[in-house]
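Per our numbering, the very first residue in the sequence shown carries number 1031; after that it's consecutive.
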Amino acid sequence: MPRQRHTTLKVVVTGPFNAGKTTLISTISEIPVLTTETSVSDAARERKKRTTVSMDFGRITVAGDPVIELAMFGTPGQARFDFMWNVLSKGMLGYVLMVDVADPSTWAEAGAIRDHFRVLGRVPYVVAANRSDGDDAAPLALRRTLDLPAHVRVVPCNVVEIASAKDVMLALLVDVLSAIEARPASPSAPTPVNAQVG
Ligand SMILES: Nc1nc2c(ncn2[C@@H]2O[C@H](COP(=O)(O)OP(=O)(O)O)[C@@H](O)[C@H]2O)c(=O)[nH]1
Ligand SMILES: [Mg+2]
């Protein structure tokens, strides 16, 4: 029987503090998530006690030919760690902008993070409208606030639930694969990391 082909794709999960980035990766990762957390700054302590310092790392496998392994890197949300955004975005093929759709006070910061990432990589992204709880109006308002181009998808979700978290990653994967397919074949074009046959 021929051996299956495997491809690893690097994706990033970014967004403001407390949006649900670490939760998304933890909910769907097949390996124990490597996370580096520390106490939050005083201003944020009211909301939660720990925050991601440098990154979260998790992995999920998507069956098919080739088998796709998504290597998921979660960024810190607090701006005092934003030097890590530049490091983590190297080689990414797409990203999730995670937003707490129930807390509009965080949306402007989400927009600023998206603007930062848009410069770091011209790759597809999807907006995860987390804690949506079936509310249709808030994801639409979020789309307007972020002034999203029509092709950027807003995925309403509650990433504590496995099916919902998978929806977000699959939406991103579809856009990432379309972008790879549409790319002109050029030796200098970035290729999926660790792309291998065998
Ligand atoms: N009810 C609910 N709680 C969530 C959801 N996503 C995240 N949380 C909770 O919100 C808090 C912050 O999430 P976390 O993933 O640490 O946020 P991060 O700062 O973006 O990494 C945690 O206590 C999560 O359990 C969700 O979809 N629904
Ligand atoms: Mg986190």
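Even glycine gets a Cβ: it sits at the ideal position worked out from N, Cα and C.
query: Terminal residues of the continuous alpha helix (DSSP H) containing Lys-1051?; result: 1051-1058
query: Is it the case that the Cβ atoms of Gly-1045 and Val-1189 are separated by a distance below 8 Å?; result: no
query: Judging by CA-CA distance, which residue of Pro-1154, Thr-1175 and Glu-1191 is the nearest neighbour of Val-1182?; result: Pro-1154
query: Beta carbon of Ala-1201, beta carbon of Ile-1058: below 8 Å?; result: no
query: Using three-state DSSP, classify Asp-1130 as helix, strand or coil.; result: strand
query: With which residues is Ala-1158 paired in a DSSP beta bridge?; result: Met-1128 and Val-1185
query: Residues in the same chain with beta-carbon distance under 7 Å from Glu-1060, minus the five sequence neighbours each way, listed in chain order, please.; result: Arg-1089, Ile-1090 and Thr-1091
query: Starting from Phe-1047, follow the beta strand (DSSP E) in both directions and report where the run begins and ends.; result: Where Phe-1047 is concerned, there is no enclosing beta strand (DSSP E), given that its DSSP letter is neither H nor E.
query: Tell me which same chain residues have a C-beta within less than 6 Å of the C-beta of Ala-1171, skipping the five on either side of it?; result: none
query: Taking just the CA atoms, how far does Ala-1093 sit from Leu-1039?; result: 14 Å
query: When every heavy atom of ligand 2 is checked, does at least one fall within less than 7 Å of the C-beta of Lys-1079?; result: no
query: Leaving out the 5 sequence neighbours to the left and right, which residues in its chain are closer than 6 Å to Ser-1056 when beta-carbon positions are compared?; result: Val-1063
query: Just tell me which of Lys-1078, Leu-1118 and Arg-1080 has its CA closest to the CA of Phe-1087.; result: Leu-1118
query: Could you give the residue range of the beta strand (DSSP E) that holds Phe-1103?; result: 1097-1104
query: With 16 as the cutoff for other CB atoms within 10 Å, does Ser-1208 come out buried or exposed?; result: exposed
query: So, are the CB atoms of Trp-1137 and Val-1149 less than 8 Å apart?; result: no
query: In whole angstroms, what separates the C-alpha of Val-1041 from that of Met-1102?; result: 5 Å
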